[in-house]
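Engineer: Sending over a structure as structure tokens; questions will come in a sec.
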Amino acid sequence: MTDTPISHIRNFSIIAHIDHGKSTLADRLIQTTGALTTREMTEQVLDNMDLEKERGITIKAQTVRLTYTALNGETYILNLMDTPGHVDFAYEVSRSLAACEGSLLVVDASQGVEAQTLANVYQAIDAHHEIVPVLNKIDLPAAEPDRVKQQIEDVIGLDTSDALMISAKTGIGIDTVLEALVHRLPAPKGDAAAPLKALLVDSWYDQYLGVVILVRIKDGRMKRGQRIRMMSNNAVHHIEQIGVFSPRMVPVDDLGPGEMGYITAAIKTVADCNIGDTITDERNPTTEALPGFKPSIPVVWCGLFPIDADDFEKLRDSLGKLRLNDASFHFEPETSAALGFGYRCGFLGLLHLEIIQERLSREFDLDLIATAPSVVYRVHRTNGTMEELHNPADMPDPSLIDHIEEPWIKATIMVPDDYLGAVLTLCNERRGQQADLTYVGNRAMAVYRIPLNEVVFDFYDRLKSVSRGYASFDYAMDGYEEGDLVRISILVNAEPVDALSFIAHRNQADTRGRSICGKLKDLIPRQLFKIPIQAAIGGRVIARETISAMSKDVTAKCYGGDISRKRKLLDKQKEGKKRMRQFGKVEIPQSAFLAALKMDA
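Quick note on numbering: my numbering labels position 520 of the sequence shown as 520, and the sequence is numbered without any gaps.
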């Protein structure tokens with residue numbers, strides 16, 4: 001596209017814990033290099049979803065191309081990738097790192113190293129990145145740069161003697177960051193004469209352009225009008241538009257080795273775009289594909305059902321478009337007696353689930369019901385076979401089950417010393433096993449093994465609550481272990497409601513069963529007859545609540561006598577009975593499902 005030699009290109013990611021200033025630093029770099037005028041600048045300019053701006057978090061990794069003239073007079077092209085910090089979006093981080101050669105590690109000079117700082121820096125080291133430590137927020141009164149430098153050396157092992165001191169908000173030290181990018185990060189490698197080899201980093205659906213693909217060219221050149229082949233499925237496409245983000249979409253004629261940009265090729269089918277795929281030239285293909293990314297494994301599943309059954313087709317299309325934009329999201333069709341047709345969806349965590357639900361509601365105007373989140377269990381049958389259980393309603397008969405295994409995680413919690421006792425108590429309540437406990441200054445780093453089922457509902461909220469918001473939490477999957485698990489069925493008027501069934505450890509079954517029965521008693525409207533609400537394990541009822549009838553038996557006081565007396569009383573009651581659609585059938589309102597599925601602590 002330009003005459004810039006490959007030695008003058010730098011591809012880098014900004015990695016950090018949540019809220020340490022990644023997006024603000026990206027804003028300052030864009031502003032300082034003149035990519036946008038002061039009038040065009042907004043806060044978190046790369047967070048282009050309303051949801052990101054509202055919550056103040058980055059959900060999708062974004063890319064932008066900057067042009068910078070260094071102090072030595074040379075002009076460089078900087079391709080910046082702003083990455084998310086939250087553990088649920090770690091998959092986005094891994095993809096961004098695969099497309100870059102270096103990283104800026106941003107650490108808050110007042111808060112120091114947090115759990116996700118560690119997780120993200122280890123990902124960068126695995127990707128063989130050159131890492132430049134950056135201490136942000138040095139203008140805050142609470143900033144302690146020397147203590148934080150020592151902490152980075154002690155915890156991560158990075159040399160901080162030449163760490164950069166900046167304030168992304170006020171612009172202090174931004175020039176030193178740009179110089180460090182040019183002089184301390186390596187240039188990409190690539191051969192322009194070799195056959196085209198490009199990494200498909202990301203893709204999303206645009207209602208005007210169709211599928212837009214973000215690519216990083218490794219070898220060869222990519223031109224407008226070229227016929228390209230996706231190596232994973234051999235789909236062939238014709239490039240209609242090629243360009244870069246600066247940060248607006250700017251069309252160009254071609255892209256060379258080391259460059260990042262986007263292409264559109266009138267791709268209609270979402271399935272043609274696999275993130276991590278290798279794109280090559282159809283006429284002169286490369287022989288070997290790039291390693292790509294390891295597929296993400298969903299850890300939390302829940303059912304999504306449209307409130308209006310007519311929206312099922314719309315839900316299917318919407319999920320397909322979101323899947324294109326978010327490779328870590330999985331879905332498969334399912335049906336429920338209570339909720340009709342819907343999809344069983346897999347997520348990387350509860351925040352991921354919440355964001356997907358919110359995006360379906362906002363971007364696609366869908367009203368949905370989500371069933372209780374559940375993790376993936378491994379059910380070992382007595383005949384020696386093993387199957388994965390995504391939905392508690394599908395659990396086989398207990399007589400056919402030899403044992404059930406549940407997923408465990410390895411959780412790293414960093415917390416100030418004052419709150420350590422409360423955090424350890426919380427982990428032990430959740431069946432946690434302590435693996436390690438170390439100190440760095442006045443902060444403790446606790447490593448626990450905890451069953452994932454104990455974490456998915458409200459562990460993060462409780463952790464923030466008991467630590468007054470100071471604890472940070474990161475986790476990684478740590479295999480499966482056998483557990484004493486049971487399925488709890490909820491029966492309303494002796495009929496099981498599959499959408500409300502869930503799996504829990506036997507020790508907590510009674511408490512959880514009582515809790516949900518108590519909630520449903522308040523949520524289900526009264527009928528003209530008594531309604532029993534029961535929680536049962538197999539045939540054994542462990543909790544029961546009864547919704548009293550709306551009116552008493554009006555003929556109870558008529559002992560014998562003329563039938564006309566009873567008839568008169570019964571006719572009077574007929575008006576009220578119109579409120580029943582069908583005798584004995586309880587209509588559970590949608591609002592009751594929504595409220596009951598929001599589990600309490």
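The beta carbon of each residue, even a glycine, is placed where N, CA and C say it ideally should be.
Could you spell out the range, first to last residue, of the alpha helix (DSSP H) harbouring residue 523?
Structural biologist: Taking the first residue of the sequence shown as 1, we reach residue 523 at position 523. First-last of the alpha helix (DSSP H) with residue 523: 506–523.
Engineer: Can you name the start and end residues of the beta strand (DSSP E) that residue 203 belongs to?
Structural biologist: By one-based count along the sequence shown, residue 203 stands at place 203. Run containing residue 203: 197–206, per the beta strand (DSSP E) assignment.
Engineer: Short check: CB of residue 97 to CB of residue 78, under 7 Å?
Structural biologist: The residue given as residue 97 occupies position 97 in the sequence shown. The residue given as residue 78 occupies position 78 in the sequence shown. Contact flag unset, no.
Engineer: Starting from residue 428, trace the alpha helix (DSSP H) both ways and give me its first and last residue.
Structural biologist: For the purposes of this step, residue 428 is identified with residue 428 of the sequence shown, where counting begins at 1. Where residue 428 is concerned, the enclosing alpha helix (DSSP H) stretches over 420–429.
Engineer: Between the C-alpha atoms of residue 305 and residue 525, what's the straight-line distance to the nearest angstrom?
Structural biologist: Translated into positions along the sequence shown, residue 305 becomes position 305. Translated into positions along the sequence shown, residue 525 becomes position 525. Answer to the nearest angstrom: the Cα atoms are 22 Å apart.
Engineer: Buried or exposed: residue 20, going by 16 or more other Cβ atoms within 10 Å of its Cβ?
Structural biologist: For the purposes of this step, residue 20 is taken as the residue at position 20 of the sequence shown. Answer is buried; the Cβ neighbour count reaches 16.
Engineer: May I ask you to report which of helix, strand or coil DSSP gives residue 154?
Structural biologist: If you number the sequence shown from 1, residue 154 lands on position 154. The answer is helix: DSSP assigns residue 154 an H, G or I state.
Engineer: Is any beta-carbon of chain B found at less than 7 Å from that of residue 181?
Structural biologist: In the displayed structure, chain B is absent; only one protein chain is listed.
Engineer: Report the option in 449, 468, 460, 398 whose CA atom is closest to the CA atom of residue 417.
Structural biologist: Along the sequence shown, one-based indexing puts residue 417 at 417. It is 468.
Engineer: Between residue 387 and the rest of its own chain, which residues show a CB-CB distance below 6 Å, the 5 nearest in sequence each way excluded?
Structural biologist: Residue numbering aside, residue 387 sits at position 387 when the sequence shown is read from its first letter. These residues qualify, in order along the chain: 379.
Engineer: What do you reckon, are the CB atoms on residue 242 and residue 250 nearer than 7 Å?
Structural biologist: In the sequence shown, counting from the first residue as 1, residue 242 sits at position 242. In the sequence shown, counting from the first residue as 1, residue 250 sits at position 250. For residue 242 and residue 250, no; Cβs fall outside 7 Å.
Engineer: Kindly indicate which residue of 373, 349, 487, 248 has the alpha-carbon position closest to the one of residue 537.
Structural biologist: Position 537 of the sequence shown, counting from 1, holds the residue named residue 537. Nearest of 373, 349, 487, 248 to residue 537, Cα basis: 487.
Engineer: Is residue 116 helix, strand or coil by DSSP?
Structural biologist: Taking the sequence shown and counting its residues from 1, one reaches residue 116 at position 116. Of the three classes helix, strand and coil, the one that applies to residue 116 here is helix, per DSSP.
Engineer: Per DSSP, what kind of secondary structure is residue 6 in: helix, strand or coil?
Structural biologist: Counted from its first residue, the sequence shown places residue 6 at position 6. DSSP places residue 6 in helix when its eight states are reduced to three.
Engineer: Could you compute how far the alpha carbon of residue 609 sits from the alpha carbon of residue 102?
Structural biologist: Residue 609 lies beyond the residue range present for the chain, which begins at 1 and ends at 601; the question has no answer from this structure.
Engineer: Please report the straight-line C-alpha distance between residue 231 and residue 218, rounded to a whole angstrom.
Structural biologist: As a first step, residue 231 is located in the sequence shown; it is residue number 231 there, counting from the start. As a first step, residue 218 is located in the sequence shown; it is residue number 218 there, counting from the start. Looking at the two C-alpha atoms, the distance is approximately 15 Å.
Engineer: Start and end of the beta strand (DSSP E) containing residue 438?
Structural biologist: As a working mapping, residue 438 is identified with position 438 in the sequence shown. Element bounds for residue 438: 433–440.
Engineer: To the nearest angstrom, report how far apart residue 5 and residue 183 are at their CA atoms.
Structural biologist: Counting from 1 along the sequence shown, the entry for residue 5 is found at position 5. Counting from 1 along the sequence shown, the entry for residue 183 is found at position 183. In a straight line, the C-alpha of residue 5 is about 15 Å away from that of residue 183.
Engineer: Measuring CB to CB, does residue 290 end up less than 7 Å from residue 199?
Structural biologist: Within the sequence shown, the letter at position 290 stands for residue 290. Within the sequence shown, the letter at position 199 stands for residue 199. Contact flag set, yes.
Engineer: Hey, quick one: how far does the alpha helix (DSSP H) through residue 189 stretch, first residue to last?
Structural biologist: By 1-based counting over the sequence shown, the position of residue 189 is 189. Counting along the chain, residue 189 falls outside any alpha helix (DSSP H), and DSSP gives it neither H nor E.
Engineer: Three-state secondary structure (DSSP) at residue 535?
Structural biologist: Looking up residue 535 in the sequence shown gives position 535. Strand at residue 535.
Engineer: What is the residue span of the alpha helix (DSSP H) that residue 23 lies within?
Structural biologist: Taking the sequence shown and counting its residues from 1, the one referred to as residue 23 is at position 23. Looking at the DSSP string, the run of the alpha helix (DSSP H) that includes residue 23 is 22–32.
Engineer: Measuring alpha carbon to alpha carbon, tell me which of 427, 415, 459 ends up nearest residue 438.
Structural biologist: Within the sequence shown, numbered from 1, the residue matching residue 438 stands at position 438. Closest option to residue 438, Cα to Cα, is 415.
Engineer: Taking all protein chains shown into account, do 16 or more other C-beta atoms lie within 10 angstroms of the C-beta of residue 129, making it buried, or fewer, making it exposed?
Structural biologist: Counted from its first residue, the sequence shown places residue 129 at position 129. Residue 129 is buried by the Cβ-count criterion.
Engineer: At the level of alpha carbons, what is the spacing between residue 107 and residue 463?
Structural biologist: As a first step, residue 107 is located in the sequence shown; it is residue number 107 there, counting from the start. As a first step, residue 463 is located in the sequence shown; it is residue number 463 there, counting from the start. The alpha-carbon atoms of residue 107 and residue 463 are separated by roughly 22 Å.
Engineer: Excluding five sequence neighbours on each side, which residues of the same chain lie with their C-beta closer than 6 Å to the C-beta of residue 446?
Structural biologist: Against the sequence shown, residue 446 aligns to sequence position 446. 413, 437, listed in sequence order.
Engineer: Determine the contact status of residue 188 and residue 220, defining contact as a CB-CB distance below 7 Å.
Structural biologist: Taking the first residue of the sequence shown as position 1, residue 188 is located at position 188. Taking the first residue of the sequence shown as position 1, residue 220 is located at position 220. The answer is no: Cβ separation not under 7 Å.
Engineer: How about the region 502–509 and the region 473–491: do they share at least three Cβ pairs that are nearer than 8 Å?
Structural biologist: Contact between the region 502–509 and the region 473–491 is present, because at least three Cβ pairs lie under 8 Å.
Engineer: Output the distance between the C-alpha atoms of residue 323 and residue 144, rounded to the nearest integer angstrom.
Structural biologist: Here the question's residue 323 lines up with position 323 in the sequence shown. Here the question's residue 144 lines up with position 144 in the sequence shown. In a straight line, the C-alpha of residue 323 is about 43 Å away from that of residue 144.
Engineer: Decide if residue 149 is buried, meaning its Cβ has at least 16 other Cβ atoms within 10 Å, or exposed.
Structural biologist: In the sequence shown, the residue the question calls residue 149 occupies position 149. By the 10 Å Cβ count, residue 149 comes out buried.
Engineer: So the beta strand (DSSP E) residue 669 belongs to, where does it begin and stop?
Structural biologist: Limits of the chain in this structure are 1 at one end and 601 at the other, which puts residue 669 out of reach.
Engineer: Going by DSSP in three states, residue 59 sits in which element: helix, strand or coil?
Structural biologist: Working through the sequence shown from its first residue, we reach residue 59 at position 59. Confidence is the limiting factor: at residue 59 the pLDDT is only 45, short of 50, which leaves the residue's position unreliable, though a coordinate-based value still follows. In the structure shown, residue 59 sits in coil (DSSP, three-state: anything other than H, G, I, E or B).
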